[in-house]
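To start, the structure itself, in structure tokens.
Number of protein chains: 2
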Amino acid sequence: MISLSDNREEMLEIIGESFKRADIIIVTGGLGPTKDDITKDILGEFFHTGWRWDEQALQMIKDYYEVRKREPKEINLNQAYLPDECETLYNEWGSAPGMMFRKEGKLLVSLPGVPFEMSNMFEKFVLPEILKSFNPAQILKHHFLTINIPESILSEKLSDIEDYMPPFLKLAYLPNLNQVRLRLSCFTEGEPEAVKVFEHNIQKIRTFLGNAIVTEEDISFEEFLYNLMNKHKLTLSLAESCTGGFVSQKFTAIPGISTVYMGGLIAYSYDAKSDILGVNMEDIKHYGAVSKEVVIQMANGAKENFKSDFAVAISGIAGPDGGTPEKPVGTVWIAVSGPDGTISEVHHLPGSRIRVIEQTFNMALSMLRDEILKFITPLN
Amino acid sequence: MISLSDNREEMLEIIGESFKRADIIIVTGGLGPTKDDITKDILGEFFHTGWRWDEQALQMIKDYYEVRKREPKEINLNQAYLPDECETLYNEWGSAPGMMFRKEGKLLVSLPGVPFEMSNMFEKFVLPEILKSFNPAQILKHHFLTINIPESILSEKLSDIEDYMPPFLKLAYLPNLNQVRLRLSCFTEGEPEAVKVFEHNIQKIRTFLGNAIVTEEDISFEEFLYNLMNKHKLTLSLAESCTGGFVSQKFTAIPGISTVYMGGLIAYSYDAKSDILGVNMEDIKHYGAVSKEVVIQMANGAKENFKSDFAVAISGIAGPDGGTPEKPVGTVWIAVSGPDGTISEVHHLPGSRIRVIEQTFNMALSMLRDEILKFITPLN
């Protein structure tokens with residue numbers, strides 16, 4: 001992947017080099033209406049092509065503006081003026097059409113840089129075209145999301161398995177704080193022997209890691225918890241202090257979460273903790289807001305107020321300021337309240353504000369997972 | 381910028397090409413302890429160097445594990461085995477040291493790929509070295525963060541100014557939903573004439589854009605609002621439904637926000653809206669949770685419960701499910717309650733769940749800005 005600036009000479013050089021190296025070239029960005037967007041002109045130049053007005057693109061641009069109750073400007077309409085040789089890729093969500101060029105059995109696709117426009121058009125037009133025209137070899141993949149085992153220990157544990165892996169298998173370690181995602185890839189054209197070896201290695205890794213595996217689906221930790229709680233009809237609420245809504249927005253990014261997630265309180269002030277969650281103000285003053293006593297009451301208060309089965313509460317000092325010698329920056333209390341009671345843990349987390357928040361998120365999810373599993377296991 | 385996979389031949393080729401093209405090459409990633417991390421070996425091979433044990437790196441790795449109350453494994457200690465020719469860059473936050481190589485007046489730096497380790501070491505070691513050894517030309521930059529004017533209209537408005545700009549000035553448009561950040565860059569070695577032209581153009585753009593400019597600092601919209609509220613000793617609370625904590629976590633990512641932000645409620649369930657925010661349950665049932673009546677009560681309830689000067693409430697349908705013919709996906713009500721009353725607006729936002737959430741965030745901030753400016757203007 002190469003990123004470069006909107007510079008004519010560099011772009012022509014890199015497109016030329018890419019054509020020598022690759023069969024499929026995907027170019028993103030530089031299709032906007034403004035003067036700094038030059039990709040369309042460069043591609044016209046590269047392919048030595050004439051130009052045309054694309055009537056359908058013109059209509060889509062007009063429709064785009066009509067829906068938004070605005071008049072398209074001349075520079076917007078100009079976005080429908082396209083190189084003669086390209087196939088037009090229509091854009092449902094923006095005014096810039098994409099372009100598909102073919103040359104000597106190779107494919108160059110130009111898409112807008114706006115992420116949701118790009119990914120929509122990629123899935124709709126580009127991926128089907130690649131599958132149809134290039135019939136690519138399949139790469140089989142299997143994921144293991146692990147928790148609370150550092151990458152180096154995982155690697156040491158798995159080295160015996162890795163040493164015996166054939167070259168068409170590849171194990172990648174994708175660490176993210178205290179989560180490590182393992183991705184086992186199998187480069188094959190579907191030979192049964194290769195698939196068998198792949199599956200055998202999946203089984204070996206599974207047996208070896210045991211409980212450390214959160215899920216073998218290619219989903220996030222929070223999606224795993226949502227699926228688990230949804231399946232068992234359990235509900236969740238949150239009381240966040242130092243994470244400030246980070247945990248909540250991770251959960252609410254999951255479509256359909258409203259069957260599980262009842263709501264959350266971001267209790268930044270003492271008053272919010274006391275008035276809304278019912279934390280004893282004397283305890284806040286005596287033990288401090290970042291304390292076992294307060295975080296347990298926050299979890300219990302959230303569970304009660306939001307009428308949920310489980311509640312997670314977080315109170316800590318994310319920094320960069322606010323630390324004291326007894327409670328330095330990175331001190332975080334987490335409590336999980338469930339049908340069978342409330343547990344709490346303190347963590348001392350290194351790093352910047354956002355890193356403390358991200359680690360707290362992972363720790364909280366890990367505690368919540370343990371409590372849910374404890375609760376549902378006898379029911380299974 | 382080139383990204384490539386952990387493949388020996390490709391890495392050697394790209395490092396060689398980069399050395400021909402550039403004076404400074406920064407390589408990130410591939411320094412972990414596991415078998416798929418090969419950058420250190422490749423660099424040793426590229427520079428034809430011997431190897432050494434770096435005693436100080438060894439000590440840092442041991443300290444790193446001691447703080448975390450773990451034993452370093454052999455593969456961790458091996459991270460202190462470094463190419464002879466490199467200068468070691470010590471890593472405060474991880475176990476992988478960085479490396480700095482010099483060759484024919486050029487510089488190659490290898491840093492860990494973990495973002496916070498990389499950026500810390502870049503600022504501490506690499507940037508000072510570049511400034512010292514290469515004495516780079518300064519690029520002057522000026523930012524304008526604009527709101528509610530589409531990129532194409534901005535561009536048309538500014539085309540007269542752009543047409544008269546000399547080639548050493550460059551105006552970039554960085555759009556993000558209904559925000560556009562304009563960046564005027566001046567490529568100069570400090571000639572007074574160039575600086576004068578740069579400042580003259582800043583003034584022309586400023587006059588032209590007027591009220592559409594949120595801030596000319598290189599900060600986010602939410603940081604601008606925090607600075608504004610903090611300066612005027614105003615406080616904020618939130619009541620979020622469909623944005624699920626997104627707005628809250630954007631604000632709480634700002635260090636020091638607790639002087640302004642009192643807290644927020646994520647009211648996913650009817651009960652939370654009614655019990656905690658005091659929204660009339662009859663109104664929820666009669667008008668629906670996504671309605672003017674409910675969102676106004678949510679804002680008022682948040683302002684009262686969190687004892688803040690301003691409150692923003694959001695209730696909408698982010699999708700992909702939950703829409704109805706009367707209230708399709710993308711329907712979002714936003715209310716801002718301030719010392720002088722409560723206003724509300726409905727928006728119909730296109731796109732995916734996360735896009736609806738992001739657009740809502742921008743709309744809410746824009747409304748909040750207007751209300752704060754109305755309130756403080758007579759005080760100024």
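Protein sequences appear in the order of chains A and B.
Everything in the first sequence is counted per this note's numbering, starting at 1 for the first residue and increasing by one.
Everything in the second sequence is counted per this note's numbering, starting at 381 for the first residue and increasing by one.
Even glycine gets a Cβ: it sits at the ideal position worked out from N, Cα and C.
Source: prediction; values computed, not measured.
Between which two residues does the alpha helix (DSSP H) holding His666 of chain B run?
Translated into positions along the second sequence, residue 666 of chain B becomes position 286. Per DSSP, His666 of chain B belongs to the alpha helix (DSSP H) from Met661 to Tyr667.
Would a check of beta-carbon distances place Gln249 of chain A closer than 8 Å to chain B?
Position 249 of the first sequence, counting from 1, holds the residue named residue 249 of chain A. Yes, contact with chain B.
Taking 8 Å as the threshold, find out whether the stretch 558–576 of chain B comes into contact with the stretch 615–635 of chain B through three or more Cβ pairs.
No contact exists between the stretch 558–576 of chain B and the stretch 615–635 of chain B.
Can the beta-carbon of Phe144 of chain A be found closer than 8 Å to that of Ile213 of chain A?
Position 144 of the first sequence, counted from the first residue, corresponds to residue 144 of chain A. Position 213 of the first sequence, counted from the first residue, corresponds to residue 213 of chain A. The answer is yes: Cβ separation under 8 Å.
Under the three-state reduction of DSSP, which class applies to Tyr64 of chain A: helix, strand or coil?
Position 64 of the first sequence, counted from the first residue, corresponds to residue 64 of chain A. Three-state result, Tyr64 of chain A: helix.
Note the first and the last residue of the continuous alpha helix (DSSP H) segment covering Val640 of chain B.
Mapped onto the second sequence, residue 640 of chain B falls at position 260. Taken as a continuous stretch (DSSP letters only), Val640 of chain B belongs to no alpha helix (DSSP H), as it is neither H nor E.
Under 8 Å by Cβ, that's how I've got Asn456 of chain B and Pro492 of chain B pegged, so tell me the actual separation to the nearest angstrom.
Here residue 456 of chain B refers to the residue found at position 76 of the second sequence. Here residue 492 of chain B refers to the residue found at position 112 of the second sequence. Your pair Asn456 of chain B and Pro492 of chain B does not check out as a contact, with CB atoms roughly 13 Å apart and the cut at 8 Å.
Looking at chain A, which residues of the stretch 731–759 of chain B have a Cβ within less than 7 Å of any of its Cβ atoms?
So the list reads Gly731, Ser732, Arg733, Ile734 and Arg735, given in the order they occur along the chain.
Please classify Phe134 of chain A: is it buried, with 16 or more other beta-carbons within 10 angstroms of its beta-carbon, or exposed?
Position 134 of the first sequence, counting from 1, holds the residue named residue 134 of chain A. With fewer than 16 other Cβ atoms within 10 Å, it is exposed.
Are the C-beta of Met545 of chain B and some C-beta of chain A separated by less than 8 Å?
Mapped onto the second sequence, residue 545 of chain B falls at position 165. False, the Cβ-Cβ gap to chain A never drops below 8 Å.
Quick one: list the residues of chain B neighbouring Lys307 of chain A, beta-carbon separation under 9 Å, in chain order.
In the first sequence, the residue the question calls residue 307 of chain A occupies position 307. For Lys307 of chain A, the chain B residues whose C-beta falls within less than 9 Å of its own C-beta are Ser649, Asp651, Ala652 and Asp655, listed in chain order.
Answer with buried or exposed for Ile422 of chain B, where buried requires no fewer than 16 other C-beta atoms within 10 angstroms of its C-beta.
Stepping through the second sequence from its first residue, residue 422 of chain B is reached at position 42. Buried, by the Cβ-count rule.
Report the CB separation of Val659 of chain B from Val674 of chain B in whole angstroms; it is logged as a contact under 8 Å.
The residue you call residue 659 of chain B lines up with position 279 of the second sequence. The residue you call residue 674 of chain B lines up with position 294 of the second sequence. Confirmed, Cβ separation roughly 6 Å.
Do Phe567 of chain B and Leu745 of chain B have their beta-carbon atoms positioned less than 8 Å apart in this structure?
Residue numbering aside, residue 745 of chain B sits at position 365 when the second sequence is read from its first letter. Residue numbering aside, residue 567 of chain B sits at position 187 when the second sequence is read from its first letter. No, these two residues do not count as a Cβ contact at 8 Å.
Do three or more CB pairs link the stretch 110–125 of chain A to the stretch 14–28 of chain A at distances below 8 Å?
yes
With respect to the alpha helix (DSSP H) encompassing Gly681 of chain B, which residues constitute its N-terminal and C-terminal limits?
As a first step, residue 681 of chain B must be located in the second sequence, where it is residue number 301. Segment Lys672 to Asn685, the alpha helix (DSSP H) holding Gly681 of chain B.
Which class does Glu92 of chain A belong to by DSSP, given the choice of helix, strand or coil?
Here residue 92 of chain A refers to the residue found at position 92 when the first sequence is read from its first residue. Residue state, collapsed to three classes: coil.
Less than 8 Å between CB atoms is the rule here; does Tyr553 of chain B satisfy it with respect to chain A?
As a working note, residue 553 of chain B is residue 173 in the second sequence. Cβ-Cβ to chain A under 8 Å: yes for Tyr553 of chain B.
Taking only the alpha-carbon atoms, compute the straight-line gap between Ser628 of chain B and Leu131 of chain A and give it to the nearest angstrom.
Your numbering for residue 628 of chain B matches position 248 in the second sequence. Your numbering for residue 131 of chain A matches position 131 in the first sequence. Cα to Cα, the separation comes out at about 42 Å.
Within this structure, are the beta carbons of Arg733 of chain B and Gly696 of chain B separated by less than 8 Å?
Position 353 of the second sequence, counted from the start, is the residue given in the question as residue 733 of chain B. Position 316 of the second sequence, counted from the start, is the residue given in the question as residue 696 of chain B. One thing to note: Arg733 of chain B has its Cβ no nearer than 8 Å to the Cβ of Gly696 of chain B.
Answer yes if the stretch 674–687 of chain B comes into contact with the stretch 331–345 of chain A, meaning at least three C-beta pairs across the two stretches below 8 Å, and no otherwise.
no
Counting contacts by CB-CB distance shorter than 8 Å, is Phe116 of chain A in contact with chain B?
If you number the first sequence from 1, residue 116 of chain A lands on position 116. For Phe116 of chain A, the answer is yes, since a Cβ of chain B falls inside 8 Å of its Cβ.
Going along the chain, which residues of the stretch 400–423 of chain B sit with their C-beta nearer than 8 Å to a C-beta in chain A?
Answer set for the stretch 400–423 of chain B: Gly412, Pro413, Thr414, Lys415 and Asp416.
Following the continuous alpha helix (DSSP H) through Phe221 of chain A, name the residue where it begins and the one where it ends.
Here residue 221 of chain A refers to the residue found at position 221 when the first sequence is read from its first residue. Here the alpha helix (DSSP H) through Phe221 of chain A covers Phe221 to Lys231.
Can you pull the chain B residues whose beta carbon is under 8 Å from the beta carbon of Pro320 of chain A, in chain order?
In the first sequence, counting from the first residue as 1, residue 320 of chain A sits at position 320. What Pro320 of chain A touches in chain B: Pro635.
For Asn230 of chain A, which residues in the same chain have their Cβ closer than 8 Å to its Cβ, ignoring the five residues on either side in sequence?
For the purposes of this step, residue 230 of chain A is taken as residue 230 along the first sequence, with counting starting at 1. Correct list, in chain order: Gly256, Thr259 and Val260.
What are the residues that DSSP puts in a beta bridge with Glu620 of chain B?
Here residue 620 of chain B is taken as the residue at index 240 of the second sequence, counted from 1. According to DSSP, Glu620 of chain B shares a beta bridge with B:Ile646 and B:Ile694.
Between the stretch 447–465 of chain B and chain A, which residues of the former have a C-beta closer than 7 Å to a C-beta of the latter?
Lys453, Ile455 and Asn456
Here's the rule I'm using: 16 or more other beta-carbon atoms within 10 Å means buried, otherwise exposed. How should Arg8 of chain A be labelled?
Here residue 8 of chain A corresponds to residue number 8 of the first sequence, with the count starting at 1. Around the CB of Arg8 of chain A, fewer than 16 other CB atoms lie within 10 Å, so the residue is classed as exposed.
What does Glu282 of chain A reach in chain D if we use C-beta pairs closer than 8 Å?
Chain labels in this structure do not include chain D; the protein chains are A and B.
Please report the distance separating the alpha-carbon of Gly245 of chain A from that of Pro150 of chain A.
Taking the first sequence and counting its residues from 1, one reaches residue 245 of chain A at position 245. Taking the first sequence and counting its residues from 1, one reaches residue 150 of chain A at position 150. Distance between the alpha carbons of Gly245 of chain A and Pro150 of chain A is about 27 Å.
Measuring only the C-alpha atoms, how far is Ser379 of chain B from Lys550 of chain B?
Outside the displayed span of chain B (381 to 760) sits residue 379 of chain B, for which this structure offers no information.
With H, G and I counted as helix, E and B as strand and the rest as coil, what does DSSP make of Asn556 of chain B?
Reading the second sequence from its first residue, position 176 is the one you call residue 556 of chain B. Correct three-state label for Asn556 of chain B: strand.
Report the rounded CA-to-CA distance for Thr623 of chain B versus Pro167 of chain A, giving the unit in angstroms.
Counted from its first residue, the second sequence places residue 623 of chain B at position 243. Counted from its first residue, the first sequence places residue 167 of chain A at position 167. Rounded to whole angstroms, Thr623 of chain B to Pro167 of chain A spans 46 Å at the Cα level.
Quick one: what's got a C-beta closer than 7 Å to Glu199 of chain A's C-beta in the same chain, skipping five residues either side?
What you label residue 199 of chain A is simply residue 199 of the first sequence in a count that begins at 1. The answer is none, since no qualifying residue turns up.
In angstroms, rounded to a whole number, what distance separates the CA positions of Ser539 of chain B and Gln559 of chain B?
For the purposes of this step, residue 539 of chain B is taken as residue 159 along the second sequence, with counting starting at 1. For the purposes of this step, residue 559 of chain B is taken as residue 179 along the second sequence, with counting starting at 1. Approximately 19 Å between the Cα atoms of the pair.
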